[in-house]
Amino acid sequence: LNFTASYFLHDRNGPYSGVTDRHNLFNDSWLHQTTKGTRGGLFQMGRIGVDYFMDNRNTISLEGGIGGGSFTSHEKLNSIYQNNTQALDSSSYRKTYDDNTFTFYSGDLSYKHTFEKEGEVLTADMNLRKSNNGGNGNYNTQFYDKTGNPMNELATQKNNTDGSSTYFVGQVDYESPLSKNSKLGAGIKTTIRNSNSTYDVFDLDNGGVYDFNDYLSSDYTYDEDIYAGYVQFSSQLNKFGY
(Lines of atoms letter the chains of each structure in order from A and count residues from 1; the text may use other names and numbers.)
(Lines give C-alpha, C1' and ligand atoms only; values in the text may rest on other atoms or scores of the structure.)
Protein backbone atom coordinates (compact mmCIF):
# COMPACT_ATOMS: atom_id res chain seq x y z
CA LEU A 1 0.00 0.00 0.00
CA ASN A 2 1.06 3.55 -0.77
CA PHE A 3 -0.63 6.51 0.95
CA THR A 4 -0.38 10.15 -0.07
CA ALA A 5 -1.86 13.29 1.45
CA SER A 6 -1.45 16.98 0.77
CA TYR A 7 -2.92 20.30 1.89
CA PHE A 8 -2.65 23.69 0.23
CA LEU A 9 -3.56 27.12 1.62
CA HIS A 10 -3.37 30.39 -0.28
CA ASP A 11 -4.19 33.76 1.27
CA ARG A 12 -4.17 36.68 -1.14
CA ASN A 13 -4.49 40.42 -0.68
CA GLY A 14 -3.65 42.26 -3.88
CA PRO A 15 -4.01 46.02 -4.29
CA TYR A 16 -3.93 47.31 -7.85
CA SER A 17 -4.28 50.50 -9.86
CA GLY A 18 -4.36 51.40 -13.53
CA VAL A 19 -4.77 54.11 -16.13
CA THR A 20 -6.54 53.75 -19.49
CA ASP A 21 -6.54 56.24 -22.35
CA ARG A 22 -8.68 55.45 -25.38
CA HIS A 23 -9.31 57.29 -28.64
CA ASN A 24 -12.56 56.39 -30.40
CA LEU A 25 -11.95 56.95 -34.11
CA PHE A 26 -15.63 56.49 -35.03
CA ASN A 27 -16.80 59.74 -33.45
CA ASP A 28 -13.39 61.24 -32.62
CA SER A 29 -13.92 61.18 -28.86
CA TRP A 30 -11.56 60.44 -25.99
CA LEU A 31 -11.80 58.52 -22.73
CA HIS A 32 -9.47 58.75 -19.74
CA GLN A 33 -9.96 56.31 -16.87
CA THR A 34 -8.19 55.75 -13.57
CA THR A 35 -8.94 52.75 -11.39
CA LYS A 36 -7.87 51.65 -7.94
CA GLY A 37 -8.91 48.64 -5.92
CA THR A 38 -8.06 45.51 -3.98
CA ARG A 39 -8.65 41.83 -4.64
CA GLY A 40 -8.30 39.34 -1.83
CA GLY A 41 -9.43 35.98 -0.63
CA LEU A 42 -8.64 32.63 0.88
CA PHE A 43 -8.31 29.39 -1.08
CA GLN A 44 -7.58 25.93 0.30
CA MET A 45 -7.43 22.39 -1.06
CA GLY A 46 -6.80 18.94 0.37
CA ARG A 47 -6.08 15.64 -1.40
CA ILE A 48 -5.63 12.05 -0.23
CA GLY A 49 -4.76 8.96 -2.24
CA VAL A 50 -3.93 5.28 -1.97
CA ASP A 51 -2.29 2.74 -4.28
CA TYR A 52 -3.09 -0.93 -3.65
CA PHE A 53 -0.76 -3.47 -5.24
CA MET A 54 -3.02 -6.53 -5.40
CA ASP A 55 -0.16 -8.64 -6.79
CA ASN A 56 2.78 -8.13 -9.11
CA ARG A 57 0.46 -7.64 -12.12
CA ASN A 58 -2.55 -5.70 -10.77
CA THR A 59 -2.65 -2.25 -9.21
CA ILE A 60 -5.63 -0.12 -8.14
CA SER A 61 -5.23 3.59 -7.33
CA LEU A 62 -7.80 5.88 -5.74
CA GLU A 63 -7.42 9.60 -5.08
CA GLY A 64 -9.89 12.23 -3.90
CA GLY A 65 -9.79 15.95 -3.29
CA ILE A 66 -11.88 18.76 -1.91
CA GLY A 67 -11.34 22.48 -1.91
CA GLY A 68 -12.92 25.88 -1.97
CA GLY A 69 -12.50 29.52 -1.28
CA SER A 70 -13.98 32.98 -1.18
CA PHE A 71 -12.81 36.14 -2.91
CA THR A 72 -13.76 39.80 -2.60
CA SER A 73 -12.89 42.83 -4.67
CA HIS A 74 -13.38 46.57 -4.16
CA GLU A 75 -12.84 49.01 -6.99
CA LYS A 76 -13.19 52.73 -7.67
CA LEU A 77 -13.30 53.85 -11.30
CA ASN A 78 -13.12 57.45 -12.52
CA SER A 79 -14.01 58.09 -16.17
CA ILE A 80 -13.53 61.35 -18.06
CA TYR A 81 -15.25 61.67 -21.46
CA GLN A 82 -13.82 64.23 -23.88
CA ASN A 83 -14.91 65.54 -27.27
CA ASN A 84 -12.83 65.79 -30.45
CA THR A 85 -10.85 68.75 -29.05
CA GLN A 86 -10.22 66.78 -25.84
CA ALA A 87 -12.34 69.24 -23.88
CA LEU A 88 -14.36 67.82 -20.99
CA ASP A 89 -17.79 66.59 -22.07
CA SER A 90 -18.89 64.56 -19.03
CA SER A 91 -17.54 62.25 -16.33
CA SER A 92 -18.58 59.39 -14.08
CA TYR A 93 -17.55 57.78 -10.82
CA ARG A 94 -18.25 54.13 -10.07
CA LYS A 95 -17.77 52.07 -6.91
CA THR A 96 -17.83 48.29 -7.22
CA TYR A 97 -17.99 45.52 -4.66
CA ASP A 98 -17.94 41.79 -5.51
CA ASP A 99 -18.06 38.76 -3.24
CA ASN A 100 -17.66 35.26 -4.72
CA THR A 101 -17.35 31.74 -3.33
CA PHE A 102 -16.68 28.35 -4.85
CA THR A 103 -16.23 24.70 -3.87
CA PHE A 104 -15.01 21.73 -5.85
CA TYR A 105 -14.66 17.97 -5.47
CA SER A 106 -12.57 15.49 -7.44
CA GLY A 107 -12.16 11.74 -7.59
CA ASP A 108 -9.80 9.53 -9.62
CA LEU A 109 -9.91 5.76 -9.91
CA SER A 110 -7.44 3.79 -12.03
CA TYR A 111 -6.58 0.15 -12.64
CA LYS A 112 -3.52 -1.34 -14.35
CA HIS A 113 -2.91 -4.93 -15.39
CA THR A 114 0.36 -6.14 -16.90
CA PHE A 115 0.25 -9.44 -18.80
CA GLU A 116 2.89 -12.13 -18.85
CA LYS A 117 4.00 -11.06 -22.31
CA GLU A 118 6.40 -8.16 -22.02
CA GLY A 119 4.85 -4.86 -23.12
CA GLU A 120 1.21 -6.06 -22.99
CA VAL A 121 -0.73 -3.71 -20.72
CA LEU A 122 -4.40 -2.99 -19.92
CA THR A 123 -5.34 0.23 -18.12
CA ALA A 124 -8.68 1.73 -17.05
CA ASP A 125 -9.24 5.23 -15.65
CA MET A 126 -12.19 7.21 -14.34
CA ASN A 127 -12.05 10.90 -13.38
CA LEU A 128 -14.84 12.98 -11.89
CA ARG A 129 -14.81 16.73 -11.23
CA LYS A 130 -17.65 18.65 -9.58
CA SER A 131 -17.72 22.36 -8.74
CA ASN A 132 -20.17 25.00 -7.51
CA ASN A 133 -19.83 28.77 -7.48
CA GLY A 134 -21.85 31.79 -6.52
CA GLY A 135 -21.60 35.39 -5.57
CA ASN A 136 -23.06 38.86 -5.59
CA GLY A 137 -21.93 42.33 -6.48
CA ASN A 138 -22.98 45.95 -6.14
CA TYR A 139 -22.28 48.81 -8.56
CA ASN A 140 -22.92 52.47 -7.76
CA THR A 141 -22.38 54.91 -10.63
CA GLN A 142 -22.82 58.69 -10.69
CA PHE A 143 -22.65 60.68 -13.95
CA TYR A 144 -21.68 64.38 -14.04
CA ASP A 145 -21.94 67.02 -16.74
CA LYS A 146 -18.99 69.13 -17.87
CA THR A 147 -19.55 71.61 -15.05
CA GLY A 148 -19.35 68.84 -12.42
CA ASN A 149 -23.05 68.76 -11.56
CA PRO A 150 -24.82 65.37 -11.26
CA MET A 151 -26.70 64.52 -14.46
CA ASN A 152 -29.20 62.17 -12.77
CA GLU A 153 -29.80 60.12 -9.67
CA LEU A 154 -27.14 57.72 -8.45
CA ALA A 155 -27.41 54.57 -10.57
CA THR A 156 -27.34 51.52 -8.31
CA GLN A 157 -27.14 48.01 -9.68
CA LYS A 158 -26.58 44.60 -8.13
CA ASN A 159 -26.00 41.13 -9.51
CA ASN A 160 -26.29 37.57 -8.28
CA THR A 161 -24.38 34.68 -9.83
CA ASP A 162 -24.86 30.95 -9.41
CA GLY A 163 -23.37 28.05 -11.30
CA SER A 164 -22.19 24.47 -11.23
CA SER A 165 -20.31 22.07 -13.46
CA THR A 166 -19.70 18.32 -13.67
CA TYR A 167 -16.97 16.71 -15.74
CA PHE A 168 -16.52 12.94 -16.13
CA VAL A 169 -13.95 11.02 -18.17
CA GLY A 170 -13.73 7.23 -18.43
CA GLN A 171 -11.39 5.31 -20.66
CA VAL A 172 -9.88 1.86 -21.23
CA ASP A 173 -6.65 1.33 -23.17
CA TYR A 174 -4.96 -1.87 -24.32
CA GLU A 175 -1.51 -2.23 -25.84
CA SER A 176 0.31 -5.34 -27.02
CA PRO A 177 3.46 -5.95 -29.05
CA LEU A 178 2.90 -8.25 -32.05
CA SER A 179 6.55 -8.65 -32.94
CA LYS A 180 9.87 -6.99 -32.31
CA ASN A 181 8.91 -3.97 -34.47
CA SER A 182 5.09 -4.10 -34.51
CA LYS A 183 2.58 -3.04 -31.87
CA LEU A 184 -1.21 -3.01 -31.60
CA GLY A 185 -3.23 -0.57 -29.50
CA ALA A 186 -6.95 -0.13 -28.91
CA GLY A 187 -9.18 1.81 -26.55
CA ILE A 188 -12.50 3.45 -25.77
CA LYS A 189 -13.23 6.75 -24.07
CA THR A 190 -16.26 8.61 -22.76
CA THR A 191 -16.38 12.30 -21.86
CA ILE A 192 -19.47 13.86 -20.25
CA ARG A 193 -19.60 17.54 -19.36
CA ASN A 194 -22.53 19.48 -17.88
CA SER A 195 -22.44 23.09 -16.74
CA ASN A 196 -24.89 25.87 -15.98
CA SER A 197 -24.46 29.49 -15.03
CA THR A 198 -27.01 32.11 -14.00
CA TYR A 199 -26.22 35.82 -13.94
CA ASP A 200 -29.08 38.03 -12.69
CA VAL A 201 -28.87 41.82 -12.73
CA PHE A 202 -31.18 44.18 -10.82
CA ASP A 203 -31.56 47.97 -11.08
CA LEU A 204 -32.64 50.11 -8.15
CA ASP A 205 -35.63 52.30 -9.11
CA ASN A 206 -36.72 55.60 -7.58
CA GLY A 207 -38.98 53.79 -5.13
CA GLY A 208 -36.12 51.83 -3.59
CA VAL A 209 -37.10 48.56 -5.28
CA TYR A 210 -34.69 46.41 -7.31
CA ASP A 211 -36.11 45.59 -10.74
CA PHE A 212 -34.90 42.61 -12.76
CA ASN A 213 -32.91 43.62 -15.85
CA ASP A 214 -33.66 41.26 -18.74
CA TYR A 215 -31.12 42.80 -21.10
CA LEU A 216 -28.05 42.29 -18.90
CA SER A 217 -29.04 38.97 -17.30
CA SER A 218 -28.25 35.55 -18.68
CA ASP A 219 -29.03 31.89 -18.06
CA TYR A 220 -26.53 29.51 -19.65
CA THR A 221 -26.62 25.70 -19.87
CA TYR A 222 -24.09 23.51 -21.66
CA ASP A 223 -24.21 19.72 -22.10
CA GLU A 224 -21.63 17.64 -23.96
CA ASP A 225 -21.42 13.85 -24.43
CA ILE A 226 -18.53 12.34 -26.41
CA TYR A 227 -18.04 8.63 -27.07
CA ALA A 228 -14.93 7.52 -28.95
CA GLY A 229 -12.89 4.45 -29.79
CA TYR A 230 -9.67 3.75 -31.64
CA VAL A 231 -7.53 0.97 -33.02
CA GLN A 232 -3.88 1.69 -33.81
CA PHE A 233 -1.18 -0.39 -35.48
CA SER A 234 2.44 0.69 -35.67
CA SER A 235 5.50 -0.96 -37.14
CA GLN A 236 8.94 -0.28 -38.52
CA LEU A 237 10.61 -1.33 -41.76
CA ASN A 238 14.33 -0.80 -41.58
CA LYS A 239 14.63 2.95 -40.75
CA PHE A 240 11.07 3.73 -41.82
CA GLY A 241 8.39 3.81 -39.10
CA TYR A 242 4.68 3.96 -39.79
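One point on numbering: in the numbering used here, the residue at position 1 of the sequence shown is 1, and numbering is uninterrupted.
Ideal Cβ placement from N, Cα and C applies to all residues, glycine included.
V50 bridges to which residues according to DSSP? The partner list for V50 (beta bridge, DSSP) reads F3, L62.
Determine contact between the segment 122-138 and the segment 96-112, defined as no fewer than three beta-carbon pairs at a distance below 8 Å. yes
Comparing C-alpha positions only, which one of L9, G64, V172, Q142 sits nearest to F3? For F3, the nearest C-alpha among the options comes from G64.
In its own chain, which residues sit with a C-beta less than 7 Å from the C-beta of P15, not counting the 5 before and 5 after it? Closer than 7 Å at the Cβ level, and outside the excluded window around P15, lie T38.
What three-state label does DSSP hand M151 in the structure shown? coil
Could you please give me the residues that DSSP links to F71 through a beta bridge? G41, N100
Residues bridged to D122 [DSSP beta-bridge criterion]: Reading the sequence as shown, one finds Leu at residue 122 and not Asp. Partner(s): H113, Y174.
Endpoints, the beta strand (DSSP E) within which V209 is located: Where V209 is concerned, there is no enclosing beta strand (DSSP E), given that its DSSP letter is neither H nor E.
Report the three-state DSSP secondary structure of A87 (helix, strand or coil). coil
Would you please state the rounded distance, in angstroms, between the beta carbons of D200 and N160? I believe it to be under 8 Å. At roughly 5 Å, the Cβ-Cβ gap stays under 8 Å, so D200 and N160 are in contact.
Can you list, in chain order, the residues of its chain whose CB lies under 6 Å from that of Y220, leaving out five sequence neighbours each side? S197
Taking just the CA atoms, how far does L42 sit from S110? 32 Å
Mind checking whether L9 and Q33 have CB atoms under 8 Å apart? no
Proximity winner among D203, G46, V19, relative to I80 (alpha-carbon distances): V19
According to DSSP, is F233 helix, strand or coil? In this structure, DSSP gives F233 an extended state, which the three-state scheme calls strand.
Do you know whose CA, among G67, L62, T85, lies nearest Y7's CA? Looking at G67, L62, T85, the one whose alpha-carbon comes closest to that of Y7 is G67.
Are the beta-carbon atoms belonging to L1 and V50 less than 8 Å from one another? yes
Is G241 closer than 8 Å to P177 when the C-beta atoms are compared? no
Using only the alpha-carbon positions, how far apart do D11 and S106 sit? 22 Å
Compute the Euclidean distance between the alpha carbons of I48 and L62, then round it to the nearest angstrom. Taking the straight line from one Cα to the other gives about 9 Å.
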